[in-house]
Amino acid sequence: MQDPPTVADSPALDAATLEEENQRLRRALGELTILNELAVSLGRSRDLDAAVRTLVRRSVKVLGAEQGVVTLTQTGEDDAAHTLVRTGVGQGPALRPDEALLAWMERNRGPIVLNDPRTHPIFGNFTWDDAVRSVLCVPLVVRGRLVGTLTLYNKKEGGIFEDPDARLLTIIAAQSAQVVDAARAEAERVRVLNVFGRHTAPAVVEELLRHGADPPSRRTEACIMFLDIRGFTTY
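Position in the sequence shown (from 1) plus 356 gives the number in this note's numbering.
Okay, here's the thing in structure tokens:
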């Protein structure tokens, strides 16, 4: 009975296969290290601005981009995406996603790579900033809800964004979206407390916190008394 072939019997196969597998493992280990470092950094971020800047700076560095921006959006009753926060980090004038790109992201909820945006069949007709050479944009999604986008501009040294870049940035966005959204919710809670907490009934403040910036309206009968206390300002 003939012995089964061994790895040594097929040197060409094992050399190519082992090198490919080693590269894959090195890439996977590198990505895990990146994601772990990002998780630690985001965990140390104390507020929304710090969380967003940490996310953008890490993404710019890891993907070798010149600039990045997070655009947080909230869908209102008119189903339009309203930009709440823009934070840019990187080289050159601040760039931001075109409204058409944000609308595309709202519909498709997936990564998009534009290495020559001016000739793209969808976005070629839009006016791009002269500084834009290439774009990589991924969604920030929390429980099926689009809370924003993470966009990188201009691969350094004239390079282009490739599929592995899109895959890694998608993972980064998926890992970070909930942290950023929670930080935004906390920032909104603090804002409401600061604006209304001192002069508004606790029940009203709680309703504002529950429903955010767009609480449901209702009609009710009320008796209102206006009272001016002499010397109130000095008190």
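We put the beta carbon where it would ideally sit given N, CA and C, even for glycine.
Per DSSP, Cys-493 is paired with what? Ile-468 and Thr-507
For Arg-540 and Leu-404, believed in contact at Cβ under 8 Å, the rounded distance: 5 Å
Quick check on DSSP: helix, strand or coil for Val-535? helix
Any idea what DSSP makes of Val-488, helix, strand or coil? coil
Hey, how far is the Cα of Ala-557 from the Cα of Glu-563? 10 Å
Near Tyr-591, what residues of its chain come up, given a Cβ to Cβ distance below 8 Å and the 5 sequence neighbours on each side ignored? Ile-585
Backbone CA spacing between Glu-433 and Ala-543 [nearest angstrom]: Interpretation of Glu-433 is limited by its pLDDT of 48, a score under 50 that renders its predicted location unreliable; the figure taken from the coordinates is listed afterwards. Cα to Cα, Glu-433 sits roughly 22 Å from Ala-543.
Say whether the region 414-425 touches the region 500-520, bearing in mind that this needs 3 or more beta-carbon pairs closer than 8 Å, one atom from each stretch. yes
Residue(s) in a DSSP beta bridge with Val-498: Arg-501
Nearest to Arg-452 by CA position, among Asn-464, Gly-466, Ser-490 and Ile-478, is which residue? Ser-490
To the nearest whole angstrom, what separates the beta carbons of Leu-565 and Val-548, a pair I think is in contact under 8 Å? 6 Å
Rounded to whole angstroms, what's the CA-CA distance from Ala-522 to His-567? Just pull it up for me. 34 Å
Pull up the distance between the alpha-carbon of Leu-470 and that of Trp-484, whole angstroms please. 12 Å
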